[in-house]
Amino acid sequence: MQRSTFLTNDGAQLSYASWPARQADAQPVVMLHSLFFGADMFDAVVPRLGGDYAVLAVDHRGQGASSAGAQPASMLRLAQDTIALIEARVGGPAHVVGSSMGGYVALQMAALRPDLLRTLTLSCCTAHAERQPERFDALEAALREQGPARLVDTLMATMFSEHFMQQGDAQARARWRAHFAALPRSVADAVHGVFSRPGYEPLLPGLDMPVLLCSGQGDRAKRPEDMQYIADRVAGSRHVTFERAGHTPPVEDPARFAAELLRFWRASARVPGEGAARPLAPNS
Numbered sequence: 001m002q003r004s005t006f007l008t009n010d011g012a013q014l015s016y017a018s019w020p021a022r023q024a025d026a027q028p029v030v031m032l033h034s035l036f037f038g039a040d041m042f043d044a045v046v047p048r049l050g051g052d053y054a055v056l057a058v059d060h061r062g063q064g065a066s067s068a069g070a071q072p073a074s075m076l077r078l079a080q081d082t083i084a085l086i087e088a089r090v091g092g093p094a095h096v097v098g099s100s101m102g103g104y105v106a107l108q109m110a111a112l113r114p115d116l117l118r119t120l121t122l123s124c125c126t127a128h129a130e131r132q133p134e135r136f137d138a139l140e141a142a143l144r145e146q147g148p149a150r151l152v153d154t155l156m157a158t159m160f161s162e163h164f165m166q167q168g169d170a171q172a173r174a175r176w177r178a179h180f181a182a183l184p185r186s187v188a189d190a191v192h193g194v195f196s197r198p199g200y201e202p203l204l205p206g207l208d209m210p211v212l213l214c215s216g217q218g219d220r221a222k223r224p225e226d227m228q229y230i231a232d233r234v235a236g237s238r239h240v241t242f243e244r245a246g247h248t249p250p251v252e253d254p255a256r257f258a259a260e261l262l263r264f265w266r267a268s269a270r271v272p273g274e275g276a277a278r279p280l281a282p283n284s
């Protein structure tokens, strides 16, 4: 794995990780991380892909090692960042994998540039606008006023299942607890971007790339029913539930997450079409 940077048109310096494939003509994969994480949330997933794909994972603006830039971190702006990165560093369509916040970015990408998505994998997100905005307004305010270190227990309970907290990988738990404690207060900007997102319901019937949907049985942030709602509206999509995971299957059950990706990609081999941009809510 190596780290590189990409400068956006408004001055954000995006840091991204890349893992080369064994073959020069391997298909590319772009992975988009959850809120409060970074590209390294996929560290335990990528090695399990066996080197068969060229993987790129970006730290979204204002998170990880990426700077914020002049524009706020809306889902639209993050999608535009990722599209520019794909055009510059990948050069063509990729298998796009989005976890939680990364899923919203991926949906926005599918609306703007469906031709760049060879396949789409969404994990633990929803097609709906935030249904409890007051709850997340309070979280944003607490992050700004108290700082993430005071809220580590809340973040751990939100991002991970009870099973992972009690019986999961102890080293992984310790790693992410320390990571959450070290987050800057400015992560509240990303929280605002996630929870002010539009609804993506109008987009769903027009998705014409293969779609895999992943949910965690123990998710305390989003429900498996949220992913099933998408599955019911996207023809040919597949929904799998991770019984031992909560909101973050790539961290909680990386072996199965990698296995599901490989199964999906191998079954979905296709030449992407030249899709048109899809409709979104007016405030997208």
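Using full-length UniProt numbering, read the sequence shown as starting at 1 and increasing by one per residue.
Virtual Cβ for every residue (Gly too), placed ideally from N, Cα, C.
- Item | Proximity of V234 and V211 at Cβ, strictly below 8 angstroms | yes
- Please classify residue 312: does DSSP put it in a helix, a strand, or coil? Residue 312 cannot be examined here, being either before or after the span of the chain that is shown, 1 to 284.
- Under 8 angstroms between C-beta atoms, does V152 make it to chain D? The structure shown has no chain D; it contains just one protein chain.
- Task: Under the assumption that M101 contacts L204 (Cβ atoms under 8 angstroms), give the Cβ distance between them as a whole number of angstroms.
- Result: Their Cβ separation, rounded to whole angstroms, is 18 angstroms, which puts M101 and L204 out of contact at 8 angstroms.
- Message: For a test of the three-state rule: what should DSSP assign to residue 286, helix, strand or coil?
- Response: With the chain running from 1 to 284 in the structure shown, residue 286 is simply not present.
- Query: Which word fits Q166, buried or exposed, when buried means at least 16 other C-beta atoms lie within 10 angstroms of its C-beta?
  - Reply: exposed
- Query: Is the segment 31-45 touching the segment 68-77, taking contact as three or more C-beta pairs under 8 angstroms?
  - Reply: no
- Candidates S67, A269, R185 and V90, of which the one nearest L139 by Cα: R185
- Query: Per DSSP, R266 forms a beta bridge with which residues?
  - Reply: Paired residues: none, contrary to the question.
- Task: Could you please give the first and the last residue of the uninterrupted alpha helix (DSSP H) stretch that includes P249?
- Result: P249 to E252
- Say the cut is 7 angstroms; is the CB of W265 nearer than that to a heavy atom of the ligand FMN? Absence of the ligand FMN is noted for the structure shown, with no ligands found whatsoever.
- C-alpha gap between A149 and Q23, whole angstroms: 43 angstroms
- Near L14, what residues of its chain come up, given a Cβ to Cβ distance below 7 angstroms and the 5 sequence neighbours on each side ignored? T5, F6, T8, V58, D59, R61, S66, D81 and L85
- Which residues share a DSSP beta bridge with W19? V55
- Own chain partners of A174 with C-beta closer than 7 angstroms, once the 5 adjacent residues on each side are dropped: none
- Item | CB contact flag (P198, A129, <8 angstroms) | yes
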